[in-house]
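Working notes, beginning with the structure itself.
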Ligand SMILES: C[S@@+](CC[C@H](N)C(=O)[O-])C[C@H]1O[C@@H](n2cnc3c(N)ncnc32)[C@H](O)[C@@H]1O
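In my numbering, the protein residues as written are 2 to 268.
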């Protein structure tokens, strides 16, 4: 049994490597929401984000296999990944990782396109005003929706906390909201809370187990707690575990304060 780095209410963080299959038993996760390293040269503390592409695919295969083993038969996985890679050779990252996931046994359900408003990836035009070798860059990311055995969830509490408006808006697979500020969060690649919030409310029941094998600053875990789910996160880097711990304490603490405050006002 591995020792948690931190545990608070329904949230547990482990300072562990998700490539290590033995850290958990099989079949316990209801929904994984994660953004793995993109292999685009981001300066994380503990992992090399500039593997050659074959090694990156091999790394992806390992963590996707472990998540498959840890997931319940009716469990799901939402993988936030780039559509493609432009630096250091054009690669179809989204297509390649989706194919690898299916080879492992994951079933494909759908892909949500995240239209990230404040992305700034336009650094090169290729051949300016010439058909010689122009670059086309789509300012979007993918959220690939996969499941283990059955898409229809018959287990769990069956308690939902999604509104009619949210359900109608979010089942349209074009999601438009801004990315998160690295500076504000203090992590090199956080996703915004809106992403796990939508994923959790749309694809899981209350009290389900939500997992993030690359939890970074703890964004998925915060939304798990707020939405009455159980959040489990791993990060290989102790500094990011500490960041996630402090963020959880701050954000969850303020949530309780806001709720009490609202309660006081209405009473
Ligand atoms: C793209 S970031 C995830 C950010 C997160 N979604 C957030 O909102 O803060 C990827 C994270 O994976 C962690 N990481 C990289 N390799 C890992 C591994 N093998 N096991 C666990 N964590 C790893 C990095 O330290 C980094 O924090």
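Just so it is clear, CB atoms sit at the ideal spot from N, CA and C, and this is done for glycine as well.
_Given the structure, does residue 237 come close to ligand 1, in the sense that its CB is under 7 Å from one of the ligand's heavy atoms?_
Residue 237 sits at position 236 when you count from the first residue of the chain shown. In this structure, residue 237 has its CB closer than 7 Å to one or more heavy atoms of ligand 1.
*Tell me the start and end of each unbroken beta strand (DSSP E) in the region 100-179 that is at least 3 residues and wholly inside, in chain order.*
108-116, 141-148, 175-177, all fully within the region 100-179.
*May I ask you to check if the CB of residue 6 is nearer than 7 Å to at least one heavy atom of ligand 1?*
Taking the first residue of the chain shown as position 1, residue 6 is located at position 5. Flag unset: Cβ of residue 6 not near ligand 1.
_Span separating the alpha-carbon of residue 195 from that of residue 117_ = As a working note, residue 195 is residue 194 in the chain shown. As a working note, residue 117 is residue 116 in the chain shown. Rounded to whole angstroms, the gap between the alpha carbons of residue 195 and residue 117 is 12 Å.
*Determine the DSSP secondary structure at residue 46, reduced to helix, strand or coil.*
By one-based count along the chain shown, residue 46 stands at place 45. DSSP places residue 46 in the coil class of the three-state scheme, outside both helix and strand.
*May I ask you to report which of helix, strand or coil DSSP gives residue 72?*
On the chain shown, residue 72 is found 71 positions in, with the first residue counted as 1. DSSP places residue 72 in strand when its eight states are reduced to three.
*Could you tell me whether any non-hydrogen atom of ligand 2 is closer than 7 Å to the CB of residue 79?*
In terms of ligand content, the structure shown lacks ligand 2 and carries ligand 1 instead.
_Whole-angstrom distance between residue 34 and residue 13, CA atom to CA atom_ = Residue mapping note: residue 13 aligns to position 12 of the chain shown, counting from 1. Residue mapping note: residue 34 aligns to position 33 of the chain shown, counting from 1. Distance from the CA atom of residue 13 to the CA atom of residue 34, rounded to whole angstroms, is 15 Å.
*Would you identify the three-state DSSP class for residue 36, choosing helix, strand or coil?*
What you label residue 36 is simply residue 35 of the chain shown in a count that begins at 1. Here residue 36 sits in coil by DSSP.
*CA-to-CA distance, residue 205 to residue 48, given in whole angstroms*: Taking the chain shown and counting its residues from 1, one reaches residue 48 at position 47. Taking the chain shown and counting its residues from 1, one reaches residue 205 at position 204. In this structure, the straight-line span from the alpha carbon of residue 48 to that of residue 205 is close to 30 Å.
*Which same chain residues, not among the five before or five after residue 141, have their C-beta less than 7 Å away from its C-beta?*
The count along the chain shown starts at 1 and reaches residue 141 at position 140. Closer than 7 Å at the Cβ level, and outside the excluded window around residue 141, lie 84, 114, 115, 116, 117.
*Run of the beta strand (DSSP E) containing residue 212, from where it starts to where it stops*: Taking the first residue of the chain shown as position 1, residue 212 is located at position 211. 210-213 is the extent of the beta strand (DSSP E) around residue 212.
*Can you tell which of 201, 240, 235 has the C-alpha that lies nearest to the C-alpha of residue 229?*
Position 228 of the chain shown, counted from the start, is the residue given in the question as residue 229. Nearest of 201, 240, 235 to residue 229, Cα basis: 201.
*Enumerate in chain order the residues of its own chain whose CB-to-CB distance from residue 263 is below 6 Å, with the five nearest sequence positions on each side excluded.*
If you number the chain shown from 1, residue 263 lands on position 262. Below a pLDDT of 50, predicted positions are generally treated as unreliable, and residue 263, at 42, falls in that range; no measurement from the model is reported.
_Continuous alpha helix (DSSP H) stretch holding residue 235: start and end_ = As a position in the chain shown, residue 235 is number 234, starting the count at 1. Residue 235: not part of any alpha helix (DSSP H); member of the beta strand (DSSP E) spanning 231-235, first to last residue.
_I need the straight-line Cα distance from residue 231 to residue 44, nearest angstrom please._
Within the chain shown, the letter at position 230 stands for residue 231. Within the chain shown, the letter at position 43 stands for residue 44. Linking residue 231 to residue 44 through their CA atoms gives a straight-line distance of about 30 Å.
*When the Cα of residue 69 is compared with those of 92, 147, 138, which residue comes out closest?*
For this step, residue 69 is matched to residue 68 along the chain shown. Nearest C-alpha to residue 69 among 92, 147, 138: 147.
*Thinking C-beta only, is residue 31 closer than 8 Å to residue 209?*
As a working mapping, residue 209 is identified with position 208 in the chain shown. As a working mapping, residue 31 is identified with position 30 in the chain shown. Yes. Within cutoff.
_Following a CB-centred definition, is residue 232 positioned closer than 7 Å to any heavy atom of ligand 1?_
Position 231 of the chain shown holds residue 232. Incorrect: residue 232 has no Cβ contact closer than 7 Å to ligand 1.
_Selection from 176, 190, 175 that minimises the alpha carbon distance to residue 182_ = Start at 1 with the first residue of the chain shown, and residue 182 comes out as number 181. Per the C-alpha coordinates, the member of 176, 190, 175 positioned closest to residue 182 is 190.
*In chain order, what residues of the same chain have a beta carbon less than 8 Å from the beta carbon of residue 225, not counting five sequence neighbours either side?*
Position 224 of the chain shown, counted from the start, is the residue given in the question as residue 225. Answer for residue 225: 11, 12, 197, 201, 211, 231, 232, listed in chain order.
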